[in-house]
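Read the structure below first, then the notes.
There are 2 protein chains.
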Amino acid sequence: MNKAFKALSDPTRRKILELLKDNDLTAGEISECFNISKPSISHHLNILSNAELVLRDKQGQHVIYSLNTTALQDILKWTFDFVEGGNKNENKN
Amino acid sequence: MNKAFKALSDPTRRKILELLKDNDLTAGEISECFNISKPSISHHLNILSNAELVLRDKQGQHVIYSLNTTALQDILKWTFDFVEGGNKNENKN
DNA sequence: TAAACATTTAGACAATTATCTAAATATATA
DNA sequence: TATATATTTAGATAATTGTCTAAATGTTTA
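The structure is reproduced here in structure tokens:
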């Protein structure tokens, strides 16, 4: 889960995930959405993949990236436990 | 929200939040839970406070820290939109 | 008021990170 | 097979970050 939090701490990577929420995209299509070099985007995609936040599917010379919500579900659960359970001073029974 | 994600990307800071889930604690009590110097813990607490993840309450010479779920609610919502809305290939109607 | 205690600030340093360019790899096509 | 295209790898560099020690600040109490 540490990998996922680290991966999400960068705004570029979060924006990549938001792009993939609408459509699966190739590495090239993703890089076109940023003023950042392709190798840098590739690096970000690698971090997202390592954190199990995206999936790769090689189709010929293209690599199609898609969302993988596995790690996000853990984060959702972790976060929810704070927002939901945050009443320690209200019900001390 | 960027500050919050950045703040959450460090394991020590996430552990601090988990400690505060159970009890409000002073800076000193928090630092006792780690093999890290007090100034370093103070630095982490500052980052958490800046990200609106904790609240400070100065009581005499002690500073009591408590959870602030404000920023976590934003993160929860952001994350939920992926886990919940991640069905773009299933219902294209 | 002086001493003890709690916390933060200041400044330094090593490790990590985001970025770049150049080169390598892999695939498709003329 | 040669060339063009898509992507990643390698290596360098500047900025950021987590940590430390020493010092400063603020508060309590003897």
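The listed protein sequences correspond, in order, to chains A and B. The first sequence maps to residues 156 to 248 in this note's numbering. The second sequence maps to residues 156 to 248 in this note's numbering. Every residue gets a Cβ at the ideal spot worked out from N, C-alpha and C, and that includes glycine. Remember, predicted model here, so these are calculated numbers, not experimental data.
**Request:** Starting from the C-beta of B:Cys188, find all residues in its chain whose C-beta is less than 7 angstroms away, skip the five residues before and the five after it, and write them out in chain order.
**Result:** Correct list, in chain order: Leu174.
**Message:** Pop quiz: A:Ser221 and A:Val209 are said to be a contact at Cβ under 8 angstroms. What is the actual Cβ separation, rounded to whole angstroms?
**Reply:** Contact holds; Cβ gap of about 7 angstroms.
**Message:** If distances are taken between C-alpha atoms only, which option among B:Phe235, B:Lys158 and B:Arg211 comes closest to B:Leu180?
**Reply:** Restricting attention to B:Phe235, B:Lys158 and B:Arg211, the CA atom closest to the CA of B:Leu180 is found in B:Arg211.
**Message:** Contact defined as beta carbons within less than 8 angstroms: I believe A:Phe235 pairs with B:Leu163. What is the distance between those atoms, to the nearest angstrom?
**Reply:** Contact annotation, A:Phe235 with B:Leu163: C-beta distance approximately 14 angstroms; criterion of less than 8 angstroms not satisfied.
**Request:** Look up B:Ile181 in the DSSP assignment and say whether it is helix, strand or coil.
**Result:** Inspection of the sequence shows that residue 181 of chain B is occupied by Thr rather than by Ile. The three-state reading of DSSP puts B:Thr181 in strand, counting E and B together.
**Prompt:** Would you report the Cα separation of A:Lys232 and B:Asn205, rounded to the nearest angstrom?
**Reply:** Rounded to whole angstroms, A:Lys232 and B:Asn205 show a C-alpha spacing of 23 angstroms.
**Asked** Which chain B residues are close to A:Gln228, counting only those with a beta carbon under 8 angstroms from its beta carbon?
**Response** Against chain B, the beta carbon of A:Gln228 has neighbours under 8 angstroms at Val238, listed in chain order.
**Request:** Run through the segment 175–220 of chain A for me and flag every whole alpha helix (DSSP H) of 4 or more residues, listed as ranges in chain order.
**Result:** Taking 4 residues as the shortest admissible run, the segment 175–220 of chain A contains the following complete alpha helix (DSSP H) segments, listed from N- to C-terminal end: 182–187 and 193–205.
**Request:** Sort B:Thr167, B:Arg168, B:Ala182 and B:Asp165 by Cα distance to B:Gln214 and report the nearest one.
**Result:** The residue with the shortest Cα to Cα distance from B:Gln214 is B:Ala182.
**Asked** Can B:Pro135 and A:Asn157 be called in contact, C-beta distance under 7 angstroms?
**Response** No answer is possible for residue 135 of chain B: it lies beyond the span of chain B, which begins at 156 and ends at 248.
**Asked** Skipping 5 residues on each side, what residues in its chain have a beta carbon closer than 8 angstroms to that of A:Leu227?
**Response** Excluding sequence neighbours, A:Leu227 sits near Ala159 and Leu208.
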